[in-house]
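Chemist: Everything in the sequence shown is counted per my numbering, starting at 1 for the first residue and increasing by one.
Even for Gly, the Cβ is constructed at its ideal location relative to N, Cα and C.
Quick caveat, the model's predicted, so the values are computed rather than measured.
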Amino acid sequence: MLVALPFVAFGGETSVSEYLMRSRFAGGGRNGIGQAEAIFDNVGAHFTLTIFWTFLDKELYYSKSWNDGLKLGILVLNIYHFFIRKWCFPRCI
Numbered sequence: 001m002l003v004a005l006p007f008v009a010f011g012g013e014t015s016v017s018e019y020l021m022r023s024r025f026a027g028g029g030r031n032g033i034g035q036a037e038a039i040f041d042n043v044g045a046h047f048t049l050t051i052f053w054t055f056l057d058k059e060l061y062y063s064k065s066w067n068d069g070l071k072l073g074i075l076v077l078n079i080y081h082f083f084i085r086k087w088c089f090p091r092c093i
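1) Between the C-alpha atoms of residue 83 and residue 90, what's the straight-line distance to the nearest angstrom?
2) Return helix, strand or coil for residue 39, following the three-state DSSP convention.
3) So what does DSSP say about residue 56, is it helix, strand or coil?
4) Indicate the three-state DSSP secondary structure (helix, strand or coil) for residue 88 in the structure shown.
5) Relative to the C-alpha of residue 45, which candidate in 85, 71, 61 has its C-alpha closest?
This is the structure:
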């Protein structure tokens, strides 16, 4: 949340209070104070606002199976990079 603060506070299209209302970390989301749409259960941004995932169609972008696979892939990539490639595993033990 603090990482986004400079972008939100200085010239962003969303105010800090709106950001906090929509944030799941602050109790937002579909069943929280923000009453977000159901699509935000799987994604963090609306399809029209994405920059990097424009090559996907809308249905795939919002699908739970795609997002769950993507989260798992990022986790596996991080484990490989830090514990195997950078050999941080001995330092963690």
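Modeler: The short version:
1) In a straight line, the C-alpha of residue 83 is about 8 angstroms away from that of residue 90.
2) helix
3) coil
4) coil
5) 61
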